[in-house]
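Numbering follows the UniProt record's numbering, in which position 234 of the first sequence is assigned residue number 234; successive positions increment by one, without gaps. Right, one structure below, let's go through it.
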Amino acid sequence: MQSLLLPAQESYLLLRILNGSFQALDSLKDQISVYFAQFFNSKSGLDLIDSRSISCDRNEKKEISDGEGEPRGAVFNALDAMLKGSLDRLKTMRESISWGHTGSSDAILETKYSSDITMIRALCLEGKLGTALWLWRTMVQQFRIPDVLTHNYLLNGLCKSGDLGRAEWLVKEMLRHGPSPTCATYNTLMSGYCLVNKVDKALDLFSTMADHGIRPNRVSCNILVHTLCQKGLLEDARMLLEKILEEDGSDGETSDLITSTILTDGYFKTGNMVEALTCWNDVFQRGIEVDVVAYNVMIHGFCLTGDINLVYKSLCEMFKSGHLPDIFTYNTLISNLCKSGKTNEACYVFSVMPRMGVPPDHLTYKMIIQGLCINGDALRANHFLSHMLEDSLIPKPLIWNVIIDAYGKCGDVEKAFSVKIKCFGHISSALQLHDEMLRRGCNPDIVTYTELLKCYCMRNKMEEAQELFFKGIKLLQPKVGAVNMWEEIIEVHVKDGFTVFLHIISWTPGVLAAIVM
DNA sequence: CTAGGGTTAG
1 MQSLLLPAQE
11 SYLLLRILNG
21 SFQALDSLKD
31 QISVYFAQFF
41 NSKSGLDLID
51 SRSISCDRNE
61 KKEISDGEGE
71 PRGAVFNALD
81 AMLKGSLDRL
91 KTMRESISWG
101 HTGSSDAILE
111 TKYSSDITMI
121 RALCLEGKLG
131 TALWLWRTMV
141 QQFRIPDVLT
151 HNYLLNGLCK
161 SGDLGRAEWL
171 VKEMLRHGPS
181 PTCATYNTLM
191 SGYCLVNKVD
201 KALDLFSTMA
211 DHGIRPNRVS
221 CNILVHTLCQ
231 KGLLEDARML
241 LEKILEEDGS
251 DGETSDLITS
261 TILTDGYFKT
271 GNMVEALTCW
281 NDVFQRGIEV
291 DVVAYNVMIH
301 GFCLTGDINL
311 VYKSLCEMFK
321 SGHLPDIFTY
331 NTLISNLCKS
341 GKTNEACYVF
351 SVMPRMGVPP
361 DHLTYKMIIQ
371 GLCINGDALR
381 ANHFLSHMLE
391 DSLIPKPLIW
401 NVIIDAYGKC
411 GDVEKAFSVK
421 IKCFGHISSA
431 LQLHDEMLRR
441 GCNPDIVTYT
451 ELLKCYCMRN
461 KMEEAQELFF
471 KGIKLLQPKV
481 GAVNMWEEII
491 EVHVKDGFTV
501 FLHIISWTPG
511 VLAAIVM
């Protein structure tokens with residue numbers, strides 16, 4: 001409880017600041033400087049600058065070191081740190097006071113500890129690493145060291161966000177001050193390396209783990225095998241696996257469904273169906289129980305090889321073994337049906353999903369709408385769009401673009417005058433879609449405008465095209481992509497393209513820059 | 001969901 005008490009002078013200053021009793025900014029500055037000098041000279045027990053403290057923001061850290069040559073900067077940096085520290089302590093104090101009457105202080109500290117580590121873990125899962133690290137630092141400064149699990153959550157968050165620099169730093173911190181890294185810690189860092197394509201570093205870590213007294217496990221192995229498979233290095237993956245298993249000795253743990261799934265998937269994706277099936281049969285021969293993911297890999301594999309009968313056969317086997325299809329299964333199936341032009345079957349499968357307790361997701365809609373549009377069925381695609389909106393799923397620009405494009409393409413196929421009139425109607429539908437996008441807070445992107453321009457250009461409606469072009473430029477805040485729109489006009493209508501070019505020349509420098517790029 | 005496998009692709 002001692003650390004909760006505020007030194008008298010500090011609290012006095014703090015109170016005065018909070019009460020706003022300083023009359024002028026200058027006097028504030030002076031008092032701060034004086035206080036700051038006293039603070040440093042007296043070397044009071046405040047743990048403002050802890051050796052373990054890290055900066056959540058790198059610039060912040062840089063400022064502090066830059067400030068050495070500039071006393072005023074240093075003063076304010078230190079003041080920031082001081083105020084923050086004081087506020088933190090006040091918060092802690094207030095919390096403990098409000099709980100003080102209900103239980104013993106040990107119980108309070110324990111509750112606080114577990115609520116803090118729960119908070120860190122939740123923040124990491126939400127990807128709020130800055131806040132998570134801040135809370136971590138706060139705890140460390142109060143000598144309340146989070147457990148390994150929490151450290152691993154932090155590490156995982158850093159790795160998933162691609163911040164390998166801080167991930168490495170965190171592991172070093174753990175080695176220096178504890179808690180000691182576990183196998184999961186090293187595995188997390190390994191998969192982080194793989195994520196940013198530093199496979200050599202991952203391999204390096206794999207072979208040096210033992211130096212820290214941690215033996216790589218099955219997960220470590222799978223991480224590497226998976227990465228090698230992703231790169232198409234199937235043979236290397238297989239060799240590595242064999243080598244590891246050899247060194248490991250036969251502790252009966254040679255069969256791992258996940259390893260087999262990774263390899264099967266890898267073989268299917270590189271077009272080696274024979275090896276894929278060998279892998280799969282191997283699993284069955286060993287009597288390993290197969291799970292939904294493994295079935296999905298098989299179903300996807302047969303989709304790739306075009307064996308629709310084997311796809312359905314696998315589905316039947318899946319049902320027979322008591323596994324129900326999940327969202328991946330349905331999406332794989334729908335994707336395949338759409339690609340082979342069987343949109344009716346795809347729509348049927350779609351209708352089955354909610355009844356089987358698996359509601360369609362963004363991907364399902366995307367594939368079915370795209371499939372219908374490729375088939376020229378803009379009307380039905382639009383129907384699914386409404387369905388999607390009813391499901392409270394906000395379509396990404398791509399979906400809108402695909403439908404706009406489908407409307408535009410109608411004119412390409414049918415040339416009769418009467419149909420042309422109908423297509424003009426579709427142009428207005430396209431514009432309606434565009435307006436609906438804006439209304440729903442979905443920003444049209446460069447492709448949206450390019451598609452709309454195509455609609456106009458195909459029908460020689462160059463004035464509208466130009467108008468839309470400028471509208472798009474304005475809304476998009478010119479990017480490199482603007483060149484696409486520009487090219488679209490030129491390509492379709494060379495002569496008028498020159499007129500547009502003249503218009504652009506007289507446009508703002510920002511637009512010009514975009515065009516020149 | 002402390003770490004490892006599966007669905008798309010303007």
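Don't be surprised by glycine CBs; every beta carbon is placed ideally from N, CA and C.
Within 7 Å, strictly: CB atoms of residue i and residue j
| i | j | result |
| --- | --- | --- |
| Thr448 | Pro397 | yes |
| Ile117 | Thr150 | yes |
| Ala184 | Cys194 | no |
| Leu234 | Gly266 | yes |
| Val293 | Ile262 | no |
| Tyr456 | Glu467 | no |
| Asp236 | Leu228 | yes |
| Gly371 | Thr343 | yes |
| Val196 | Gly157 | no |
Residue i classed as buried or exposed, judged by whether at least 16 other C-beta atoms fall within 10 angstroms
| i | result |
| --- | --- |
| Ala122 | exposed |
| Ser314 | buried |
| Asp405 | buried |
| Glu451 | buried |
| Cys316 | exposed |
| Phe501 | Caution is warranted here: a pLDDT of 44 is assigned to Phe501, below 50, making its placement in the model unreliable, and the coordinate value is therefore given only provisionally. Exposed, since its Cβ has fewer than 16 Cβ neighbours within 10 Å. |
| Lys409 | buried |
| Pro274 | Here the sequence assigns Val to residue 274, which means Pro is not the residue at that position. Exposed, because fewer than 16 other Cβ atoms sit within 10 Å of the Cβ of Val274. |
| Ser386 | exposed |
| Val283 | buried |
| Tyr354 | It should be noted that the sequence gives Pro, not Tyr, for residue 354. Pro354 should be labelled exposed. |
| Ile120 | buried |
| Leu135 | buried |
| Thr332 | buried |
| Ser220 | buried |
| Gly127 | exposed |
| Ala210 | exposed |
| Gly441 | exposed |
| Ser44 | For Ser44, the pLDDT reaches just 39, beneath the cut-off of 50, and the residue's location in the model is therefore unreliable, leaving the point undetermined. |
| Trp169 | exposed |
Of the residues the options, the one placed nearest residue i, counting alpha carbons only
| i | options | result |
| --- | --- | --- |
| Asn375 | Asn336, Leu333, Gly341 | Gly341 |
| Val140 | Leu125, Met174, Ile299, Thr278 | Met174 |
| His212 | Leu135, Val171, Glu235, Lys269 | Val171 |
| Lys339 | Phe328, Met356, Cys373 | Cys373 |
| Arg380 | Ile120, Lys128, His300, Cys347 | Cys347 |
| Met298 | Phe268, Asp326, Glu275, Phe284 | Phe268 |
| Lys198 | Arg218, Leu304, Leu164, Val290 | Leu164 |
| Ile446 | Tyr365, Val402, Gly287 | Val402 |
| Ile145 | Lys112, Phe206, Thr270 | Lys112 |
| Phe319 | Asn296, Gly301, Leu393 | Asn296 |
| Thr182 | Pro216, Ala167, Asn309 | Pro216 |
| Met356 | Arg440, Leu324, Leu129 | Leu324 |
| Phe328 | Gly301, Pro444, Cys279, Cys159 | Gly301 |
| Met437 | Lys471, Trp400, Phe470, Lys128 | Trp400 |
| Leu389 | Met190, Val148, Tyr365 | Tyr365 |
| Phe143 | Lys128, Cys159, Leu205, His177 | His177 |
| Leu205 | Arg218, Val219, Met190, Ile214 | Met190 |
| Gly130 | Arg166, Asp435, Trp280 | Arg166 |
| Ser180 | Val352, Asp106, Arg286, Asp147 | Asp147 |
| Asp291 | Gln230, Leu304, Cys303, Ser321 | Ser321 |
| Asp326 | Asp361, Tyr407, Arg238 | Asp361 |
| Ile214 | Met239, Gln230, Arg238, Tyr186 | Tyr186 |
Integer Cβ distance of residue i from residue j, believed to fall under 8 Å
| i | j | result |
| --- | --- | --- |
| Tyr330 | Val358 | 6 Å |
| Ile369 | Phe384 | 5 Å |
| Ala276 | Thr259 | Ala276 to Thr259, Cβ: 14 Å. No contact. |
| Thr188 | Asn152 | 6 Å |
| Leu154 | Leu125 | About 11 Å; that fails the 8 Å criterion. |
| Ser392 | Met367 | Their Cβ separation, rounded to whole angstroms, is 19 Å, which puts Ser392 and Met367 out of contact at 8 Å. |
| Ile288 | Leu241 | Between Leu241 and Ile288 the Cβ distance is about 16 Å, and since that is not below 8 Å, they are no contact. |
| Ser453 | Phe469 | Here residue 453 turns out to be Leu, not Ser, going by the sequence shown. With 8 Å as the limit, Leu453 and Phe469 qualify as a contact, their Cβ atoms being about 6 Å apart. |
| Thr208 | Gly232 | So it is not a contact: roughly 27 Å between Cβ atoms. |
Contact test: residue i Cβ vs the ligand GTP heavy atom, cutoff 6 Å
| i | result |
| --- | --- |
| His323 | Although the ligand GTP was asked about, the structure shown includes no ligands whatsoever. |
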